[in-house]
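A quick write-up on the structure given underneath.
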Amino acid sequence: MFKVSNPAEGNNFQLSAKMNFACYLIGYPITLKSFMKKKKNFHKKSKPKRNKQYKGAAAQSARDKEQINVSYDNAIDYISNYSNKINSINSSLSFLDKIQYQNSIFSAIDGFQNQFSDFNKFETMLPRTDYLTGLGAMADITRSSTIGLSSLNNIDSISKITDVWTSNFDLEKQNRIFNSSLYSNSYFKGLEIPDLTGAIKNYAKTNELFSYGIQSSLIKATELNLFAEKSLSKFSWETIGDRIKIGAVEKTYIQNSFLDFSTDFSTLLKTYNPNNGSIITTNPELIKLPSVEYFTSSNLIEAITTEEDVSTEEEIVKTDIQYENEYSLMQWLPKIDEGLIKMWKGAIEALNSNNSDRIRHFVTSIRELYTHLFHILAPDQEIVNWSKSADDFANGRPTRKARLSFICRNISDEPFKKFVNKDIEATLAFIDLFQKGTHSIDPIFTTNHLITIKCKAETTLRFLLEIHFTTNN
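Sequential numbering of the sequence shown, starting at 4, is according to the numbering used here.
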């Protein structure tokens with residue numbers, strides 16, 4: 004369950020892409036993932052509806068909960084349809100440097116973009132906000148985060164962002180954007196992606212590629228925000244952590260940390276404006292990652308609070324994120340320091356073991372890995388040379404906030420930097436919560452809890468490494 008596969012062994016992913024591309028060429032609207040999903044569910048009998056008491060806000064009845072699921076199912080089905088089309092197109096993009104395939108690929112992209120004008124229907128499929136009343140102050144924050152990116156999914160905004168990208172970025176930067184926005188799905192990580200730097204300038208439809216790259220990134224991020232809201236809709240604010248029986252002090256700590264994190268996430272999305280120098284126009288490789296962070300945090304909050312009800316589409320997204328994490332850490336940690344990859348593998352091995360103390364070993368190792376990464380990416384002396392502000396130091400040493408600011412030093416977007424700081428604080432709060440839980444006589448962490456905290460810890464590590472390698476190199 005916990006074992007880390009070697010993402011370098013990309014045979015299964017190559018097969019996936021080839022099958023997807025074959026389906027795409029003959030016009031068959033199905034991907035390998037959706038085929039396996041249909042095959043898996045072909046003989047499955049429909050389950051009777053469960054009559055479970057809803058653990059959310061007291062004012063909501065069991066029927067209210069069912070209505071929430073139906074409403075979210077409509078929105079999930081709608082956005083997953085777009086997401087599946089993106090997956091199908093993306094599976095062909097590794098052939099983009101082959102002249103014989105270019106017309107078919109651009110035809111598929113044109114077809115997708117012709118349907119893009121209907122995406123504004125997504126917001127009408129969301130459930131009423133009174134379903135989120137159990138979250139208190141979090142309700143408006145959560146909904147604004149869900150619609151924050153979808154509002155950018157219109158032709159006018161996409162055109163403005165495309166103009167900025169094509170006029171401001173050199174060919175090398177454009178190639179990095181292609182790799183980050185177009186090949187963001189898990190099964191592309193195992194493929195050998197062609198270097199398009201030399202070929203980009205020969206394409207007559209470079210703008211169409213950029214537009215599609217923006218559209219696919221925004222839709223994928225919106226999908227993650229939707230799943231995050233769905234996770235948070237299942238409980239009331241005062242019940243956070245009840246499933247693992249956390250104490251009042253820990254509950255308040257997690258509530259405050261997650262509220263600050265969510266507030267800064269919502270604030271960040273409001274700056275995603277094609278008319279100013281936001282992260283969406285200055286560092287487009289990072290567009291999707293804040294939404295990944297918000298989704299994995301919300302999913303962890305749900306796991307420690309109430310019983311999860313995960314859709315097939317959500318499970319696919321979670322699996323993709325876990326694989327992307329593992330692949331990215333395998334590629335990047337050794338480039339920073341060989342000792343870091345050993346530390347990470349040691350944490351995973353501890354979690355895979357039958358040792359009764361395995362949870363404590365895992366969270367302790369992950370916590371130590373974060374500390375080492377902070378100090379390697381932001382060494383004391385470099386921060387001393389970089390900052391003269393007294394606020395960046397405590398007892399003669401750089402603060403963690405100063406180290407994070409140094410890691411983000413080439414990013415001009417202040418809301419993004421603030422979000423990164425709150426994201427790290429929230430992740431470390433989760434890790435500390437699990438670490439404290441291991442000291443109880445009978446910790447009640449389930450297998451799913453451990454998978455979820457592992458995914459959250461790895462996602463944030465990957466986020467820091469993405470920032471470092473895309474902005475500081």
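By construction, the Cβ of each residue, glycine as well, lies at the ideal position given by its N, Cα and C atoms.
Query: Between the CA atoms of D100 and N388 - distance to the nearest angstrom; Result: 45 Å
Query: Cβ-based burial, H452 [other Cβ within 10 Å; buried from 16]; Result: buried
Query: Three-state secondary structure (DSSP) of F238; Result: coil
Query: Three CB pairs or more closer than 8 Å across the segment 134-150 and the segment 221-239; Result: yes
Query: C-alpha distance - F125 paired with K273, whole-angstrom precision; Result: 18 Å
Query: Residue nearest to K254 in terms of C-alpha spacing, selected from S265, T242 and F264; Result: T242
Query: Residue from Q116, M141, D113 and S74 whose Cα sits closest to the Cα of T127; Result: S74
Query: When F119, C458, K233 and N90 are compared against A142, the one with the closest alpha-carbon; Result: K233
Query: DSSP three-state assignment for Y190, whether helix, strand or coil; Result: Below a pLDDT of 50, predicted positions are generally treated as unreliable, and Y190, at 38, falls in that range; the measurement from the model is reported next regardless. In the structure shown, Y190 sits in a helix (DSSP, three-state: H, G or I).
Query: Best match in E305, T322 and S269 for proximity to P293 [C-alpha to C-alpha]; Result: S269
Query: Reduced DSSP category for F396 - H, G, I as helix; E, B as strand; rest coil; Result: strand
Query: Within the segment 289-377, ranges of the beta strand (DSSP E) (whole runs, at least 3 residues); Result: none
Query: Inter-residue spacing [alpha-carbon to alpha-carbon] between A318 and L407; Result: Note on residue identity: the sequence assigns Glu, not Ala, to residue 318. The alpha-carbon atoms of E318 and L407 are separated by roughly 31 Å.
Query: C-beta contact flag for Q258 and F115 at 9 Å; Result: no
Query: Collapsed DSSP secondary structure at P401 in the structure displayed; Result: strand
Query: E195 classed as buried or exposed, judged by whether at least 16 other C-beta atoms fall within 10 angstroms; Result: Interpretation of E195 is limited by its pLDDT of 47, a score under 50 that renders its predicted location unreliable; the figure taken from the coordinates is listed afterwards. With fewer than 16 other Cβ atoms within 10 Å, it is exposed.
Query: Best match in E385, D426, N358 and T322 for proximity to F409 [C-alpha to C-alpha]; Result: E385
Query: Closest Cα partner of G399 within the set D383, I414 and F437; Result: D383
Query: C-beta contact flag for K248 and T309 at 9 Å; Result: no
Query: Contact set for L155: own chain, Cβ-Cβ below 7 Å, skip 5 residues either direction; Result: L221 and Y275
Query: DSSP three-state assignment for A429, whether helix, strand or coil; Result: helix
Query: F268 in three-state terms, based on DSSP; Result: helix
Query: Residue of I112, I144, S83 and F419 minimising C-alpha distance to T285; Result: F419
Query: Boundaries (first-last residue) of the alpha helix (DSSP H) holding K124; Result: Taken as a continuous stretch (DSSP letters only), K124 belongs to no alpha helix (DSSP H), as it is neither H nor E.
Query: Span of the alpha helix (DSSP H), counted from its first residue to its last, around A460; Result: T450 to T474
Query: F422 - DSSP class collapsed to helix/strand/coil; Result: helix
Query: Cβ pair T463, D426 closer than 9 Å; Result: yes
Query: With 16 other Cβ atoms within 10 Å as the buried cut-off, status of T449; Result: exposed
Query: Member of K88, K163 and N123 whose CA lies at the smallest distance from the CA of I108; Result: K88
Query: Contact check, N328 vs E461, beta carbons under 9 Å; Result: yes
Query: Proximity below 9 Å, CB of N215 to CB of I290; Result: The amino acid at residue 215 is misidentified as Asn; the sequence shows Tyr. The answer is no: Cβ separation not under 9 Å.
Query: Which of helix, strand or coil DSSP assigns to S415; Result: coil
Query: Same chain only: Cβ atoms within 6 Å of K42, ignoring 5 sequence neighbours per side; Result: Low confidence applies here, because K42 scores a pLDDT of 39, under 50, leaving its location unreliable; read the following figure in that light. Contacts found: none.
Query: Coil, strand or helix - D1 by DSSP; Result: Only positions 4 to 476 of the chain appear in this structure, which leaves residue 1 out of reach.
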